[in-house]
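Residue numbers (our numbering): 909 to 1158.
Dropping the structure here:
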């Protein structure tokens, strides 16, 4: 028993020590950024990520540092990663839009039907973790109300019935959005082009027909892969193949 408690204490202590060390490194990187030592800030942020720590603020600050050095591709890569954590953040959205203005490829997205476009906008409004908390909270509320209704069913508590029905409907709606977000996260893979120019081929072979050229910072959707090639799709619907080393997955 004492050995188990001691082991647990050691694990908790190590985790706290690691968290403190990460926070110190993060503060150091932020200070380096403020002192305009962007390369050193980037190196420190990257060390934190290599140690296994991730957060929206970390990726956002790293994206800012890369932007200051003129590395548009890696700046966008980290902004897009930050977006997975900080969906709906105004500062991140603004920085990402400013960055897009500097891209060589100004791609116009394929128009979508109203329902599809509306649903995508709705999904972007919600953070996946926050939705999860809402779903659990509403589930708890619904179960409590259900137990109260069963306990006092003979008294005809109409107010409880109304609140129960509303909470159940809200739970179903938010649960649907949450599941859709999870499905989207698990099934849709995107990457950012890191090379200055990349030729897209019709097939996963270097001697295949060259279809078009894209440039650093462009976001692509990964639709398939072979041993060393990705099949990609652009926002305007164009498709083709490129080598693994031309792109980094978000």
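Note that CB positions come from ideal geometry on N, CA and C, so glycine has one too.
DSSP lists 1097, 1140 as the bridge partner or partners of residue 1130. Sixteen is the threshold: when 16 or more other Cβ atoms of the shown chains lie within 10 Å of the Cβ of residue 982, as they do, the residue is buried. With a beta-carbon spacing of about 7 Å, residue 1100 and residue 1158 fall inside the 8 Å limit used to define contacts. The continuous beta strand (DSSP E) containing residue 1107 extends over residues 1105 to 1109. In this structure, residue 1154 and residue 1121 do not form a Cβ contact; the two beta carbons are roughly 11 Å apart against a cut-off of 8 Å.
DSSP places residue 1120 within a strand segment (E or B) once states are collapsed to three. Between residue 1097 and residue 1140, the gap from beta carbon to beta carbon reaches 7 Å or more.
Proximity of the stretch 997 to 1006 to the stretch 949 to 963 falls short of the contact definition, fewer than three beta-carbon pairs being nearer than 8 Å. Going by DSSP, residue 1156 is part of the beta strand (DSSP E) stretching over 1155 to 1157. For residue 1012, the closest alpha carbon among the candidates 1150, 1156, 1152, 1127 is that of 1127. Residue 1084 carries a helical assignment under DSSP once its states are collapsed to helix, strand and coil. Distance from the CA atom of residue 991 to the CA atom of residue 1000, rounded to whole angstroms, is 7 Å. Excluding the 5 residues flanking it on each side, residue 1071 has same chain C-beta neighbours closer than 7 Å at 1053, in chain order. Residue 1147 is bridged by DSSP to 1141.
One Cα belongs to residue 978, the other to residue 929, and the distance between them is close to 29 Å. Taken in chain order, the unbroken stretches of alpha helix (DSSP H) that lie wholly in the stretch 958 to 1028 and span 4 residues or more are 964 to 976, 980 to 993, 998 to 1008.
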